[in-house]
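Residue numbers (full-length UniProt numbering): 1 to 320.
Cβ atoms here follow ideal geometry from the backbone N, Cα and C, with glycine treated the same way.
One structure below.
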């Protein structure tokens, strides 16, 4: 559609906040927040209102807020103000040059979270960080907990190091039939990442056991998968959940957990790719933390162990 194409060429998406230009204009809670010293903008959306504000940090890296959409059925109705936020390069947010390696690092994304907090004016807020978002939650707490803005963190389905994650995910890989395991390891050894059999093993044989155990997968989750920025995922993680070749390799917070003094909830699941025993151990190492494990759930426990997940999450939020 040529007319639409021409319009898109004249308007730089995300450059302007309509509500900033016209305060009377309602935007369904959507705000664009400047990041990286104003070079780019990221998409956020507020839903509900309440004294306790909850900022959701999605996983990936390279995924987006969409797979969190079930949160809308639980947080706002219970009086919690929630904020979606697509990290830079993801889904609704601006997508810079993928070859700018300086953008795709833990420290840079950590700074982005603080820029988003400031842009939204969040004070006494709670971070719920899932998977990769859990890494950001841990790092943000370590850096900013003494400033008075952060009330608590929820680390959802993330353990304290990449090595610990790989130990558990490796156990899941061992559940493959011998011939499929041999093929999987051959592909990984040869780094034949584009081999269609590798994706088939992941999507049909492993991820339905450890990522999301309900079938069919919920539409917000499959939609989120369609919108993954694989460039960011590969640069930081790698080509699958079993071989970390990106710059997340070596990340470890085990010896720093004791320094997180604010209240925290470690929220895991029985069949997660993150060992639930590690989640419990994390809570034991933090002075004001508790752990909860969702029976029957996996990495997307807010979908496949929904009752337990939100019972634990809401109970924790109400306790603050």
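Collapsed DSSP secondary structure at residue i in the structure displayed
i           : result
residue 251 : coil
residue 257 : helix
residue 44  : strand
residue 209 : helix
residue 81  : strand
residue 89  : coil
residue 32  : strand
residue 21  : Residue placement at residue 21 cannot be trusted, given a pLDDT of 49 that sits under 50; the coordinates are not used to answer.
residue 130 : strand
residue 68  : helix
residue 63  : coil
residue 231 : helix
residue 122 : coil
residue 203 : helix
residue 110 : helix
residue 265 : strand
Residue environment, residue i, which counts as buried when at least 16 other CB atoms sit within 10 Å
i           : result
residue 134 : buried
residue 308 : buried
residue 320 : exposed
residue 219 : exposed
residue 128 : buried
residue 315 : exposed
residue 26  : exposed
residue 317 : buried
residue 292 : buried
residue 126 : buried
residue 49  : exposed
residue 178 : exposed
residue 189 : exposed
residue 274 : buried
residue 182 : exposed
residue 216 : exposed
Pair within 8 Å by beta-carbon distance, residue i and residue j
i           : j           : result
residue 266 : residue 155 : yes
residue 269 : residue 301 : yes
residue 110 : residue 151 : no
residue 169 : residue 241 : yes
residue 29  : residue 53  : no
residue 136 : residue 33  : no
residue 295 : residue 261 : no
residue 88  : residue 103 : yes
residue 93  : residue 100 : no
residue 249 : residue 106 : no
residue 147 : residue 35  : no
residue 299 : residue 131 : yes
residue 203 : residue 272 : no
residue 90  : residue 229 : yes
residue 173 : residue 206 : yes
residue 233 : residue 96  : no
Specify whether the region 224 to 240 and the region 57 to 69 touch according to this definition: at least 3 beta carbon pairs, one from each stretch, less than 8 Å apart. yes
Going along the chain, which unbroken runs of the alpha helix (DSSP H) with 4 or more residues stay wholly within the region 135 to 201? 162 to 173, 178 to 190, 196 to 200
Along the chain, which unbroken stretches of the beta strand (DSSP E) at least 3 residues long are found entirely within the region 276 to 319? 289 to 294
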